[in-house]
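Note sheet for the following structure.
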Amino acid sequence: MRLNAVTILSHPNDPEYEGMAHIYLTSDEGYVFSLSRFPDADAIEIMVSDQITARTSDVTAVLQGKVLVVRFPTKIARSLDGHAEYEIEMDFPSQQFDELHMALSSIFSSVGKYSRET
């Protein structure tokens, strides 16, 4: 699924949520995509649409310039909204990409796979 993100919230260690790392993106059509993980959790929570969630450690994310690509198994996709890959285009200031990278690094610390390609 391709999305054009118009808002982004990200935090690598949010004190308001017991240190949870999270990203929260909304598209120009109002679609929501979120990844989050508490510090000691062994799985990443994926939220799509609005409040449809699944937890898995089998997830990969690549931040390629201004595009975030997230993939997970078909089994997980079926429990969400059927999409196993999200390609999220973003046009934000570079500071927000640095914050996004820090949050993703924290979310994927020892769980799943994350990389950043500039």
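For reference, each letter of the sequence shown is one residue, going 32 to 149 in my numbering.
Glycine residues also receive a C-beta, built at the ideal position from the N, C-alpha and C atoms.
These numbers come from a predicted model, not from an experiment.
- Residue ranges of uninterrupted beta strand (DSSP E) with 3 or more members, entirely inside the segment 39-69 and ordered along the chain, are 51-58, 63-68.
- Look at residue 36 here: in three-state DSSP terms it is strand.
- Per the coordinates, the alpha-carbon of residue 39 lies some 11 Å from the alpha-carbon of residue 119.
- A distance below 8 Å separates the beta carbons of residue 68 and residue 138.
- Judged by DSSP in its simplified three-state form, residue 106 adopts helix.
- Every beta strand (DSSP E) stretch that sits fully inside the segment 74-148 and reaches 3 residues is listed by chain position as 75-80, 83-87, 91-95, 98-102, 116-121, 144-148.
- The alpha-carbon separation between residue 111 and residue 104 amounts to approximately 11 Å.
- In this structure, residue 58 lies near residue 37, with their beta-carbon atoms less than 8 Å apart.
- A Cβ-Cβ distance of about 6 Å is found for the pair residue 75 and residue 87, placing them in contact under the 8 Å criterion.
- Leaving aside the five residues that flank residue 83 on each side, the residues in its chain whose CB is nearer than 7 Å to its CB run, in chain order, 111, 112.
- At the C-beta level, residue 63 and residue 81 come within 8 Å of one another.
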